[in-house]
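Q: Let me give you the structure first, and then I'll get to my questions.
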Amino acid sequence: MEVKVGEYTISDKHPVFFVAEIGINHNGDIELAKKLIDIAKIAGCTAVKFQKRNPEEAVPEKYKNVKRETPWGIISYLEYKKKIEFEKEEYDVIDNYCKKREILWSASPWDITSIRFLDSYNLPFIKVPSALITNKEYLEEIKRRKDNGTPIFLSTGMADIELVKKVVDFLGEENLVILYTVSTYPSKPEEIDLNIINTYKKLFNCPIGYSGHEIGLQITLAAVEKGAKVIERHITVDRSMWGTDQSASLESIGLIKLLRDIRIIEKCMRDGIKRKLDTELEIEKKLRKVYSL
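When the letters of the sequence shown are read in order and numbered with the working numbering, they come out as residues 1 to 293.
Written as structure tokens, this is what we have:
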């Protein structure tokens, strides 16, 4: 039960694969995107991830002309989505910059056109967003990439267990990572049930991860203790910035602390066999005076 992503292996025997979700927190600014890549690299993340959309295809018709207040003034939701969308010029920069910084990158395609757009970058994995898991035509496109060897990370927000089973059955468990997700931004602790990680581990023969949208670090750290082998968290340079995902994101200091603590926890998660340690022998000589059992 393992998935190969580039030179990395995702399994119970390997370190947590950490994805820093840049998403659309770059607000359409490639220099800000590069800064976020730098933050992820410094923190020790395995990969960064973006979101790719063809706004004409991805935005529902009823929302296209809805007016929204933005840094570019009051404009339609469709125009706003176009303002923040990266195209080939920017993704070429991202591809080259991540190679230079020696960090993996990927993206969540939000429509079929975007799946095909990302084909040219030979991504190490593709992430399926929770919003698309009921779209059969979309999933058929994803399954073709998966069957050709591209690992798929599947988010499962806005779904009950029966829907999750149905989607996993459709895609197949091979080359699949399932992410427990709650699609609220930010998520409240009472909305999250980390025992679902255990449920997924019992039901599915593939690695299980956690995509978190909560404020703080505690819940994500607990997800690692529960056995999540992929962690995804949104990152930002400033949580007070304009944007829908900023408040549910980690700033650089939080991200660094989270990666540090995950790696410490991993050192403490071993085989579960209680032994006397060699490092305890001198303490034993000092403190244990009676052997009567």
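We treat Cβ as the ideally placed atom computed from N, Cα and C, and that holds for glycine.
Please read these numbers as outputs of a predicted model, since none were measured by experiment.
(1) Please state whether the Cβ-Cβ distance between residue 91 and residue 63 is less than 8 angstroms.
(2) Can you find the residues in the same chain that come closer than 8 angstroms, C-beta to C-beta, to residue 76, ignoring five residues on each side of it along the sequence?
(3) Whole alpha helix (DSSP H) runs in the segment 56 to 116 with 4 or more residues, listed along the chain?
(4) What residue from 153, 140, 141 and 193 has the CA that sits closest to residue 294's CA?
(5) Does the distance from the C-beta atom of residue 26 to that of residue 20 stay below 8 angstroms?
(6) Which full runs of the beta strand (DSSP E) of 3+ residues lie inside the segment 217 to 270, going along the chain?
(7) Do you know how far the Cα of residue 285 is from the Cα of residue 155?
(8) Are three or more beta carbon pairs between the segment 254 to 263 and the segment 205 to 224 nearer than 8 angstroms?
(9) How would you call residue 244, buried or exposed, if buried means at least 16 neighbouring beta carbons within 10 angstroms?
(10) Once you ignore the five residues that flank residue 93 on each side, which residues in its own chain have a CB closer than 6 angstroms to its CB?
(11) Using alpha carbons as the reference points, say which of 205, 96, 233 and 223 lies closest to residue 11.
(12) Thinking C-alpha only, which one of 288, 208 and 185 is nearest residue 13?
(13) Using three-state DSSP, classify residue 326 as helix, strand or coil.
(14) Does the structure place the segment 136 to 149 close enough to the segment 104 to 118 that three or more beta carbon pairs sit under 8 angstroms?
(15) Do residue 104 and residue 46 have their beta-carbon atoms positioned less than 8 angstroms apart in this structure?
(16) Between 197, 240 and 188, which has its C-alpha nearest residue 177's C-alpha?
(17) Inspect the beta-carbon positions of residue 23 and residue 234 and report whether they are closer than 8 angstroms.
(18) Just verifying my parser: in three-state terms, what is the DSSP assignment at residue 42?
(19) With a cut-off of 8 angstroms on the beta carbons, I'd call residue 17 and residue 230 a contact; round off their distance for me.
(20) Within 10 angstroms of its Cβ, does residue 111 collect 16 or more other Cβ (buried), or is it exposed?
(21) Could you give the DSSP three-state label for residue 20: helix, strand or coil?
(22) If we define contact as Cβ-Cβ less than 8 angstroms, is residue 129 a contact residue for chain B?
(23) Looking only at its own chain, which residues have a Cβ that is under 7 angstroms from the Cβ of residue 41, when we skip the five neighbours before and after it?
A: Judging by the given coordinates:
(1) Pairing residue 91 with residue 63 gives a Cβ-Cβ distance that is not under 8 angstroms.
(2) 64, 65, 66, 67 and 68, listed in sequence order.
(3) Counting whole runs of 4 or more residues, the segment 56 to 116 contains the alpha helix (DSSP H) stretches 61 to 64, 77 to 83 and 88 to 101.
(4) The structure shown does not extend to residue 294, since the chain is modelled only from 1 to 293, so the question has no answer here.
(5) no
(6) 230 to 234
(7) 53 angstroms
(8) yes
(9) exposed
(10) 30
(11) Residue 205 is the option with its Cα nearest to residue 11.
(12) Checking every option, the nearest Cα to that of residue 13 belongs to 208.
(13) Residue 326 lies beyond the residue range present for the chain, which begins at 1 and ends at 293; the question has no answer from this structure.
(14) yes
(15) Yes; because the gap between Cβ atoms is below 8 angstroms, this pair is in contact.
(16) 197
(17) yes
(18) helix
(19) 5 angstroms
(20) buried
(21) strand
(22) Absent from the structure is chain B; it holds one protein chain and no more.
(23) 101 and 103
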